[in-house]
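Asks: Just dropping this structure here.
There are 2 protein chains.
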Amino acid sequence: MKKVKIHITLKEGVLDPQGKAVQGSLNTLGYQSVEEVRIGKYLELILADDANVEEQVEEMCKKLLANPVIENYQYTVEEGVTQ
Amino acid sequence: MKKVKIHITLKEGVLDPQGKAVQGSLNTLGYQSVEEVRIGKYLELILADDANVEEQVEEMCKKLLANPVIENYQYTVEEGVTQ
Numbered sequence: 065m066k067k068v069k070i071h072i073t074l075k076e077g078v079l080d081p082q083g084k085a086v087q088g089s090l091n092t093l094g095y096q097s098v099e100e101v102r103i104g105k106y107l108e109l110i111l112a113d114d115a116n117v118e119e120q121v122e123e124m125c126k127k128l129l130a131n132p133v134i135e136n137y138q139y140t141v142e143e144g145v146t147q
Numbered sequence: 065m066k067k068v069k070i071h072i073t074l075k076e077g078v079l080d081p082q083g084k085a086v087q088g089s090l091n092t093l094g095y096q097s098v099e100e101v102r103i104g105k106y107l108e109l110i111l112a113d114d115a116n117v118e119e120q121v122e123e124m125c126k127k128l129l130a131n132p133v134i135e136n137y138q139y140t141v142e143e144g145v146t147q
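Going down the list, the protein sequences come from chains A and B. Here my numbering is used: the first residue of the first sequence is 65, the next is one more, and so on. Here my numbering is used: the first residue of the second sequence is 65, the next is one more, and so on.
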């Protein structure tokens with residue numbers, strides 16, 4: 065088994081209204097030192113052992129998980145995970 | 065400035081219907097080796113320099129960012145970030 069950790073974040077320059085809302089809430093709650101919040105996604109995938117995991121994950125990100133127009137993705141593959 | 069990276073994940077045993085849906089879609093797209101998908105959140109916060117950042121972030125997670133009943137959170141603080 066392999067564990068893949070994927071981070072999907074908005075590209076720089078892309079507006080993040082969800083992050084802005086959270087920042088506003090944090091400021092209202094008294095955390096005035098919060099100057100910016102950007103919200104992304106974090107996915108953990110468990111994959112059966114396969115020859116070309118990296119290639120597959122790259123494809124999955126492009127096709128389904130991320131929107132390459134406005135999002136960046138990064139992933140790490142951990143080998144030999146036991147569930 | 066400090067950059068705080070927060071990972072919010074569902075606790076083990078908590079159902080993740082969003083993850084299940086993504087897993088189903090990946091399987092349908094031909095990625096049969098995907099056995100499990102869990103989806104969490106990834107936040108990046110920029111904070112002004114302040115004495116007790118760690119304490120503040122801990123509080124923010126408990127009060128607003130995560131739901132401690134069903135979610136775990138982890139964070140790292142990077143010092144001296146220039147925007």
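Quick reminder that beta carbons are idealized off the backbone N, C-alpha and C, glycines included. Predicted model, so just to flag it, every value in this text is computed and none were measured.
(1) Who does N136/A pair with in a DSSP beta bridge?
(2) Straight-line CA distance for L93/B to R102/B?
(3) Near I72/A, what residues of its chain come up, given a Cβ to Cβ distance below 6 angstroms and the 5 sequence neighbours on each side ignored?
(4) Is DSSP giving G94/B helix, strand or coil here?
(5) Is it the case that the Cβ atoms of V121/B and Y139/B are separated by a distance below 8 angstroms?
(6) In angstroms with no decimal places, state the Cα-to-Cα distance between L128/B and I110/B.
(7) Distance check for K67/A and E108/A, CA to CA, integer angstroms please.
(8) Within the 8 angstroms Cβ cut-off, does I134/A reach chain B?
(9) Apart from the five residues on each side of it in sequence, which residues of its chain come closer than 7 angstroms, Cβ to Cβ, to N91/B?
Replies: In terms of the structure at hand:
(1) One-based indexing of the first sequence puts residue 136/A at position 72. Among the bridge pairs identified by DSSP, N136/A is matched with T73/A.
(2) For the purposes of this step, residue 93/B is identified with residue 29 of the second sequence, where counting begins at 1. For the purposes of this step, residue 102/B is identified with residue 38 of the second sequence, where counting begins at 1. The straight-line gap from Cα to Cα measures roughly 18 angstroms.
(3) Numbered from its first residue, the first sequence carries residue 72/A at position 8. These residues qualify, in order along the chain: G104, K105, A130, E135 and Y137.
(4) Along the second sequence, one-based indexing puts residue 94/B at 30. The three-state reading of DSSP puts G94/B in coil, since its state is none of H, G, I, E or B.
(5) The residue you call residue 121/B lines up with position 57 of the second sequence. The residue you call residue 139/B lines up with position 75 of the second sequence. Judged by beta-carbon spacing, Y139/B lies within the 8 angstroms limit of V121/B, meaning their Cβ atoms are closer than that value.
(6) As a working note, residue 128/B is residue 64 in the second sequence. As a working note, residue 110/B is residue 46 in the second sequence. Distance between the alpha carbons of L128/B and I110/B is about 16 angstroms.
(7) Your numbering for residue 108/A matches position 44 in the first sequence. Your numbering for residue 67/A matches position 3 in the first sequence. Straight-line Cα distance between these residues: approximately 7 angstroms.
(8) Within the first sequence, numbered from 1, the residue matching residue 134/A stands at position 70. No, I134/A does not count as interfacial toward chain B.
(9) The residue given as residue 91/B occupies position 27 in the second sequence. The residues V98, in chain order, have a CB closer than 7 angstroms to that of N91/B in the same chain once the five nearest residues on each side in sequence are set aside.
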